[in-house]
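J.:
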Amino acid sequence: MAARPGLVRRFFAGLWRALNFTRQLVFNLLFLAIVGVLVVIWFASEGPLVVAADTALVLNLQGEIVEEYTIGPREAAVAEALGEQRFETRVRDVLAAIDAAAIDPQITRAVLVLDEMGGAGSATLREVAAALERFKASGKPIYAWGEGYSQPQYYLAAHANELYLHPAGALTVRGLESTRGYYKTLLDKVGVKVNVFQAGRYKSFSEPFTRTGATPEAKEANSLLLNGVWSIWTSDVERVRKLKPGTIDEVIADLPQRLTVAQGDIARLALNERLVDGLKTRNQFRDQLLQGGAPRSQDDEETFRQVSLYAYLRGVRPVMASDAIGVIVAQGEITGGDAQQGRVGARTMVELIQRARQDDSIKALVLRIDSPGGLVQASEIIREQLDLTRKAGKPVVASMGDVAASGGYWIAMGADEVVADPATITGSIGVFGLVPTFEGTMEKLGVNVDGVATTWLAGATDLRRPLDKRLAQSLELVVNANYRDFIGLVAQRRNSTPEKINEVAQGRVWTGAQAKERGLVDTLGGIDVAIKSAAKRAGLGESYRLEYVDPEPRGLNRYLSLFFGRIALAVRTELGLGGLLGSSKAELRRDLDLLLGVRINPLAAISYCFCELQ
């Protein structure tokens with residue numbers, strides 16, 4: 038029989054159990070309190086939204102404007118309930134709210150408040166701007182006010198009928214750049230050798246691992262791209278602001294002299310150059326709206342009657358129609374398997390496309406692409422499913438967003454028609470393979486690698502040793518074969534020849550307008566153009582609804598996602614918090630993922646484009 042523990046030991050054991058019980062109780066109570074708050078917010082927001090007459094829709098956009106959230110609804114809801122800033126707004130929500138408000142007799146004006154808006158791609162900005170123009174075309178004015186305007190914020194604010202800036206604010210319009218870090222010197226110091234195999238002399242994604250700066254070819258291609266997008270940006274702003282063509286470039290070129298005239302006052306400079314209509318504080322802006330006929334809010338007499346974006350969106354009723362146009366969003370890097378939030382997983386995309394194909398109410402499919410590409414095999418698997426959908430009699434239209442390049446362009450080849458915004462970044466028809474080896478690192482660490490294998494290939498994938506010449510030769514053959522397949526596929530789908538496609542391929546990136554000139558896209562326009570084309574191809578006329586085909590969480594996760602998704606919308610309505618992720622950190626994480634991810638399959642070919650503009 039075991040001896041009974043001593044009194045002291047039993048005392049401390051009991052004390053520990055009591056402390057542990059208290060800890061668990063406190064955390065459980067805290068969790069239940071958070072859930073309780075979320076449930077209260079959920080049910081409090083369930084009632085029908087009643088918009089009073091003569092109400093202003095306040096478009097308080099927050100964070101990055103994206104095609105699809107890159108975090109799940111549960112994470113978003115909990116973060117917002119805890120007071121953490123949210124950092125994304127879906128473009129589809131913005132478009133739905135603006136278009137609904139344009140035909141809503143209760144909404145008589147819109148107000149843009151963009152201080153918490155983060156970044157957005159050029160094509161996304163143009164989508165929102167087009168919706169703002171539709172709103173104005175309905176006879177309703179738009180007013181914009183900001184403490185300051187970043188370049189993306191100003192692009193949208195410029196579409197207002199009246200645009201105001203805080204007297205102490207700043208308006209930052211500087212142009213576009215495309216820069217990135219180059220790691221060769223660092224990799225040399227730690228003994229990492231990066232073996233690169235590529236098809237396409239403009240395919241520059243692997244350059245940061247093998248060079249200390251960009252090649253002349255990369256700079257040439259990027260300059261043409263940047264100037265193309267910037268020309269669209271400045272032309273759009275100068276048109277809606279009724280400025281002389283070239284005004285923005287002239288202001289930037291002569292900034293020191295013009296700032297001298299404004300005595301160093303950036304806000305005054307913006308007013309002098311007619312970039313804004315006036316300088317007003319927030320209270321002055323509110324007073325002007327009230328004096329202009331906007332009724333006072335019943336909740337706060339100091340401001341005008343208004344409804345926020347997410348509060349209004351909660352009350353927007355979907356179009357009731359039996360026939361639908363299905364919309365699938367492909368946002369992010371293309372990978373194999375199931376999609377993580379913010380990525381395009383081949384298996385997930387196959388399930389979505391099959392679901393749309395088998396749904397009798399969906400008469401046509403629009404694939405909305407915002408992707409720089411990824412794995413060649415995954416891209417082809419997705420394209421095959423789109424091809425099957427076309428052959429099943431359902432029209433497929435590809436709608437290119439900010440980026441549809443490399444693998445993103447590959448999957449578009451499964452569509453009957455390719456629609457791109459003039460500012461879309463597309464093309465980059467090229468393939469590369471990348472294998473880092475760490476024999477130099479092992480030597481620096483004093484580590485030797487030795488062993489036996491049944492075949493040369495079994496040990497060839499050990500990245501601690503130099504790359505076997507036979508593996509290098511094999512990878513070169515795979516990359517070249519994939520490139521031939523790529524240009525062959527494009528030639529077939531674009532009614533061209535591989536030779537002609539090769540002239541505009543080589544991994545080179547183009548704007549949507551440049552791609553249209555070279556026969557790589559069919560039509561210029563936004564997602565609304567793609568949807569109308571899909572409806573016309575399906576013979577639907579004007580009576581149809583949109584149905585976004587989104588991934589369905591499985592099992593318990595399905596109900597949790599529905600629950601937290603509803604809460605996330607409610608919290609956004611109540612709190613309206615915003616934030617932003619650092620782009621430099623995202624770039625470094627992406628580059629490291631690419632460099633280290635080849636351990637899974639060194640023979641995998643990649644069709645990816647580094648084509649982000651800042």
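Going by my numbering, the letters in the sequence shown line up with residues 38 to 651, in that order. Built from N, CA and C at the ideal position, the CB exists for glycine as well.
With a Cβ-Cβ cutoff of 8 Å, do residue 448 and residue 367 count as a contact?
T.: Within the sequence shown, the letter at position 411 stands for residue 448. Within the sequence shown, the letter at position 330 stands for residue 367. A contact, by the Cβ cut-off of 8 Å.
J.: Just the Cα atoms here: how many angstroms apart are residue 470 and residue 244?
T.: Locating residue 470 in the sequence shown gives position 433, where the first residue counts as 1. Locating residue 244 in the sequence shown gives position 207, where the first residue counts as 1. Near 12 Å, if we compare the C-alpha coordinates of residue 244 and residue 470.
J.: For residue 252, name the three-state secondary structure that DSSP assigns.
T.: For the purposes of this step, residue 252 is taken as the residue at position 215 of the sequence shown. Three-state result, residue 252: coil.
J.: Taking only runs of the beta strand (DSSP E) that begin and end inside the region 418-461, which ones reach a length of at least 3 residues, in chain order?
T.: Correct list: 433-442 and 454-457.
J.: Tell me whether residue 131 sits in a helix, a strand or coil according to DSSP, three-state version.
T.: For the purposes of this step, residue 131 is identified with residue 94 of the sequence shown, where counting begins at 1. The answer is helix: DSSP assigns residue 131 an H, G or I state.
J.: Excluding five sequence neighbours on each side, which residues of the same chain lie with their C-beta closer than 8 Å to the C-beta of residue 235?
T.: Along the sequence shown, one-based indexing puts residue 235 at 198. Excluding positions up to five away in sequence, the list reads 243, 467, 468, 469, 470, 516 and 544.
J.: Can you give me the C-alpha to C-alpha distance between residue 477 and residue 500, rounded to a whole angstrom?
T.: For the purposes of this step, residue 477 is taken as residue 440 along the sequence shown, with counting starting at 1. For the purposes of this step, residue 500 is taken as residue 463 along the sequence shown, with counting starting at 1. Roughly 11 Å separates the two Cα atoms.
J.: Using 10 angstroms around the beta-carbon of residue 461, count the other beta-carbons present and answer buried if the total reaches 16, otherwise exposed.
T.: In the sequence shown, counting from the first residue as 1, residue 461 sits at position 424. Buried is the call here.
J.: Ordered along the chain, which non-local residues of its own chain (more than five positions away) have a Cβ less than 8 Å from that of residue 578?
T.: As a position in the sequence shown, residue 578 is number 541, starting the count at 1. Closer than 8 Å at the Cβ level, and outside the excluded window around residue 578, lie 572.
J.: Going by other Cβ atoms of all chains shown within 10 Å of its Cβ, with 16 needed for buried, is residue 484 buried or exposed?
T.: Reading the sequence shown from its first residue, position 447 is the one you call residue 484. It is exposed - the Cβ of residue 484 has fewer than 16 other Cβ atoms within 10 Å.
J.: Suppose the cutoff is 6 Å on Cβ atoms and the five residues either side in sequence are ignored; what does the same chain contact list for residue 132 look like?
T.: Position 95 of the sequence shown, counted from the start, is the residue given in the question as residue 132. Here the set comprises 168.
J.: When you compare the CB positions of residue 343 and residue 518, do they come within less than 8 Å of one another, or not?
T.: Here residue 343 is taken as the residue at index 306 of the sequence shown, counted from 1. Here residue 518 is taken as the residue at index 481 of the sequence shown, counted from 1. No, these two residues do not count as a Cβ contact at 8 Å.
J.: Pick helix, strand or coil for residue 201, following the three-state DSSP scheme.
T.: The residue given as residue 201 occupies position 164 in the sequence shown. Of the three classes helix, strand and coil, the one that applies to residue 201 here is strand, per DSSP.
J.: Compute the Euclidean distance between the alpha carbons of residue 250 and residue 257, then round it to the nearest angstrom.
T.: As a first step, residue 250 is located in the sequence shown; it is residue number 213 there, counting from the start. As a first step, residue 257 is located in the sequence shown; it is residue number 220 there, counting from the start. If you take the alpha carbons of residue 250 and residue 257, they lie about 13 Å apart.
J.: Apart from the five residues on each side of it in sequence, which residues of its chain come closer than 6 Å, Cβ to Cβ, to residue 182?
T.: The residue you call residue 182 lines up with position 145 of the sequence shown. Same-chain partners within the cutoff: 201 and 322.
J.: Helix, strand or coil: which one does DSSP assign to residue 587?
T.: Taking the sequence shown and counting its residues from 1, the one referred to as residue 587 is at position 550. Of the three classes helix, strand and coil, the one that applies to residue 587 here is coil, per DSSP.
J.: Determine, using beta-carbon pairs with one atom in the region 293-308 and one in the region 324-340, whether at least three such pairs fall under 8 Å.
T.: The region 293-308 vs the region 324-340: no contact.
J.: Just to confirm the assignment: which complete alpha helix (DSSP H) runs, minimum length 4, are found wholly within the region 268-292?
T.: With a minimum length of 4 residues, the continuous alpha helix (DSSP H) runs that stay inside the region 268-292 are 284-290.
J.: Taking the Cβ atom as the reference point for each residue, do residue 437 and residue 456 lie within a distance shorter than 8 Å?
T.: Translated into positions along the sequence shown, residue 437 becomes position 400. Translated into positions along the sequence shown, residue 456 becomes position 419. In contact: residue 437 and residue 456 (Cβ atoms closer than 8 Å).
J.: Alpha carbons only, please: which of 542, 227, 216 and 129 is nearest the one belonging to residue 260?
T.: Walking along the sequence shown from the start, residue 260 turns up at place 223. Ranking 542, 227, 216 and 129 by Cα distance to residue 260 puts 216 first.
J.: Taking Cβ positions, are residue 213 and residue 263 nearer each other than 8 Å?
T.: Working through the sequence shown from its first residue, we reach residue 213 at position 176. Working through the sequence shown from its first residue, we reach residue 263 at position 226. Going by C-beta atoms, residue 213 is nearer than 8 Å to residue 263.
J.: Please report the distance separating the alpha-carbon of residue 191 from that of residue 210.
T.: Stepping through the sequence shown from its first residue, residue 191 is reached at position 154. Stepping through the sequence shown from its first residue, residue 210 is reached at position 173. Roughly 8 Å separates the two Cα atoms.
J.: Looking at the structure shown, is residue 472 part of a helix, part of a strand, or coil, going by DSSP?
T.: Along the sequence shown, read from residue 1 onward, the residue named residue 472 stands at position 435. Strand at residue 472.
J.: Using a 10 Å radius around the Cβ and a threshold of 16 neighbouring Cβ atoms, would you call residue 596 buried or exposed?
T.: Against the sequence shown, residue 596 aligns to sequence position 559. Residue placement at residue 596 is flagged as unreliable, the pLDDT there being 44, under the threshold of 50; the coordinate-derived value follows with that caveat. Residue 596 should be labelled exposed.
J.: For residue 241, which of helix, strand or coil comes out of DSSP?
T.: Taking the first residue of the sequence shown as position 1, residue 241 is located at position 204. DSSP places residue 241 in coil when its eight states are reduced to three.
J.: DSSP state of residue 219, grouped into three classes?
T.: One-based indexing of the sequence shown puts residue 219 at position 182. Coil.
J.: How would you call residue 289, buried or exposed, if buried means at least 16 neighbouring beta carbons within 10 angstroms?
T.: As a first step, residue 289 is located in the sequence shown; it is residue number 252 there, counting from the start. Exposed, by the Cβ-count rule.
J.: Which value, in whole angstroms, describes the spacing of the CA atoms of residue 292 and residue 310?
T.: What you label residue 292 is simply residue 255 of the sequence shown in a count that begins at 1. What you label residue 310 is simply residue 273 of the sequence shown in a count that begins at 1. Their backbone Cα atoms lie some 11 Å apart in a straight line.
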